[in-house]
Amino acid sequence: MAEQASGEHGRPARRRHSRRAVLAFLGFLALGALAVTAGLWSLWSRWPATPALAAPEAPHVPVVVAGETFTVAPAAIRMAMQRRPGPQERVDLVYVWPDLTPPRPVEPGVSAPPTTDRVYVTLVPAAGALDPAERLRVIWLRYTRETLSPAPEGLALVEFRDGTPYQGEDLAWEENAPERFLARCERPAPSRPPATCLAERLLGGAVVTMRFPRDWLNDWRSVAAGFARLVAMVRPPKAG
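For our numbering, add 1 to where a residue sits in the sequence shown, where the first one is 1.
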């Protein structure tokens, strides 16, 4: 009987001890959960969000296209969604010629000024494209006529033949240095908008393309110099 009474006395003590152990374990789990939650909150609050769009009045924003870094004025970026730093698939720009400054914003209710003094620029991946001067020798001259067209002094101008992929276009380049200036141009036609030209510059894995009015070929040296200035402006030489 004494042993039975002693056993019955011991059971409540063991149960109390077990409850204390369970409560202590649950408390430990609760503290651990709080610590994990606090850590996750700290990480989430510091996690980098999508880069904020740059204000148009900001002086410049660094953008990366095909691994190449360019420095451009947000006000020159044509699409608002592209006004952010970091990698992008392409960037579309517009500059006032010949100053190469971003156009002034148009006030609501005010008609937009004529755009004949604008150049339109795109930054896109080169995707394995040849340098324009090499493309001239390897590809384009296979599709042109044999005789040159009249052109300003120092400029070679030739038509692409009908039935080729470039039908209706002309090719213009500096006679002795096509690597300095080369452009593919629409051929003027009465039923079409004013003809434009495209000049390209390969920069690493990216290509810079400038679109300008064909009429400017009459002063092609200024166009070539302006394009070189534009390239140096959006991609300054690396230090060192």
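The beta-carbon is built from N, C-alpha and C at its ideal position, and this holds for glycine as well.
Pairing Glu187 with Ala173, the inter-Cα distance amounts to about 11 Å. In this structure, DSSP gives Trp174 an extended state, which the three-state scheme calls strand. The beta carbon of Ala184 sits closer than 7 Å to those of Ala173, Cys198, Leu199 and Ala200, all from its chain and outside the five residues before and after it, given in chain order. Short of 6 Å from the beta carbon of Thr165, and not among the five residues preceding or following it, lie these beta carbons of its own chain, in chain order: Tyr144.
Judged by DSSP in its simplified three-state form, Met211 adopts strand.
Excluding sequence positions up to five before and after Gln168, its CB lies within less than 8 Å of the CB of Phe161 and Arg162, all in the same chain and listed in chain order.
Of the candidates Asn219, Leu203 and Ala74, the residue whose Cα lies closest to the Cα of Ala229 is Leu203.
Under the three-state reduction of DSSP, Ala157 is assigned to strand.
Cβ neighbours of Leu54 within its own chain (closer than 6 Å, five residues either side excluded): Arg84 and Arg85. Under the criterion of beta carbons closer than 8 Å, Ala67 and Ala127 qualify as touching, at roughly 6 Å. Nearest to Val235 by C-alpha distance, out of Thr123, Asp118 and Ala225, is Thr123. Membership of Arg202 in the beta strand (DSSP E) is indicated by the continuous run Thr197 to Leu204. Using a 10 angstroms sphere on the CB of Ala76, the tally of other CB atoms reaches 16 or more, which defines it as buried. Taking the Cα positions, Val62 is about 10 Å away from Ile78. From the listed residues Val65, Ser192 and Ala225, the smallest Cα separation to Val92 is found for Val65.
In the assembly as shown, Val139 is an exposed residue. Its beta-carbon has fewer than 16 other beta-carbons within 10 Å. The criterion of a C-beta distance shorter than 9 Å is not satisfied by Pro103 and Ala56.
If you look at Phe71, you'll find it in the beta strand (DSSP E) that goes Glu69 to Val73. Glu187 sits in a strand when the DSSP states are folded into three classes. The DSSP-derived three-state label of Asp100 is coil. In the DSSP assignment, Leu231 falls outside any beta strand (DSSP E) and within the unbroken alpha helix (DSSP H) covering Trp221 to Val235. In this structure, Val125 places its C-beta atom within 9 Å of the C-beta atom of Thr210. Partner residues in the beta bridge of Asp93, as assigned by DSSP, are Thr123.
Its chain contains Pro179, Glu180 and Leu183 as the residues whose beta carbon lies nearer than 7 Å to that of Ala134, once the 5 sequence neighbours on both sides are disregarded; these appear in chain order. Between the C-alpha atoms of Pro153 and Met82 there is a straight-line separation of about 41 Å. When beta bridges are read from the DSSP output, Gly87 appears opposite Val64.
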